[in-house]
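Residue numbers (our numbering): 1 to 264. All C-beta atoms in this analysis are idealised placements derived from N, C-alpha and C, irrespective of residue type, glycine included. Here is the structure we will look at.
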């Protein structure tokens, strides 16, 4: 089955207002920016996004956020996105913060058909006991708080530990970014872009991938596949300019001293 689409607009055209979407990427790495911008152009709004974070101001998911297209975010941290923090603290955005490993496993479990699982992460904190602010009022008071979760002890007698029950995440759609893909939807991710992309792709009922390189079936060794085509419904090849749009989140090099360079 050829799952390739001619352009990103066609690939996201049926995503409706109010849809839940799992989005791959970590910071600015492995972000499906072309699909995000196609969604922005078509005007889709009231989105419930599940992603490790929400991009940066003016890039990635931050582009949808700044236009008011996202109403709820499930993420592991807010990071450098000042607009994300501002909207959350002012009550304009509902945010469910969850431990990073738990978030990844919730998406993976959703794709694997596991409805819930127990984990030690968050036990004894507001993650398990409830009370995490999901939405604030404009005056800073908490409007919606997270509910308490079921906990249970496991282990041999005398060495029992408490664990918290976390529900799996399944979304209406998923958007991911890969280095290579074939027309059957098998994907290969490049280095650190293999972060939340595979699990986000597993979580979506309809998964859409943008790829730097689209190849014919059989050209990717099965041992190299990071996300099997059974999870991927649509695939779009990026042009050279879009594939090269890879900004750096934080530049850590020092500016060179021209005087010192001349003295050498």
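- Comparing C-alpha distances from residue 124 to each of 91, 191, 149, 114 shows the shortest one belongs to 149.
- Contact between the region 173-181 and the region 210-220 is established, with three or more Cβ pairs separated by less than 8 Å.
- Burial check for residue 223: the Cβ neighbour count within 10 Å stays below 16, so the residue is exposed.
- Note: residue 182 is bridge-paired with 215 in the DSSP secondary-structure output.
- In its chain, beyond the 5 residues on either side, 117, 168 have a beta carbon closer than 6 Å to the beta carbon of residue 109.
- DSSP, read as helix, strand or coil, puts residue 72 in strand.
- Inside the region 22-56, DSSP marks whole beta strand (DSSP E) runs of 3 or more residues at positions 47-50, from first to last along the chain.
- Linking residue 106 to residue 184 through their CA atoms gives a straight-line distance of about 26 Å.
- With a cut-off of 8 Å on Cβ pairs, the region 189-202 is not in contact with the region 10-18, counting fewer than three such pairs.
- In this structure, residue 119 sits away from residue 88, with a CB-CB distance that is not shorter than 8 Å.
- The residues 53, 54, 55, 56, 57, 62, 65, in chain order, have a CB closer than 8 Å to that of residue 81 in the same chain once the five nearest residues on each side in sequence are set aside.
- In the three-state reduction of the DSSP assignment, residue 77 falls in the coil class, being assigned neither a helical nor a strand state.
- In the assembly as shown, residue 230 is an exposed residue. Its beta-carbon has fewer than 16 other beta-carbons within 10 Å.
- The beta carbon of residue 225 sits closer than 6 Å to the beta carbons of 186 from its chain, once the five residues preceding and following it are set aside; these are given in chain order.
- Closest in C-alpha terms to residue 247, from the list 93, 86, 98, 30, comes 30.
- By the criterion of a C-beta distance shorter than 6 Å, residue 94 is surrounded in its chain by 72, 134, 135, once the five residues flanking it on both sides are discounted.
- Uninterrupted beta strand (DSSP E) stretches at least 3 residues long and entirely within the region 103-186 occur at 116-119, 133-136, 142-145, 151-154, 161-167, 171-182, given in chain order.
- According to the DSSP secondary-structure assignment, residue 207 is paired through a beta bridge with 174.
- Separation of residue 86 and residue 207 (C-alpha to C-alpha, rounded to the nearest whole angstrom) is 30 Å.
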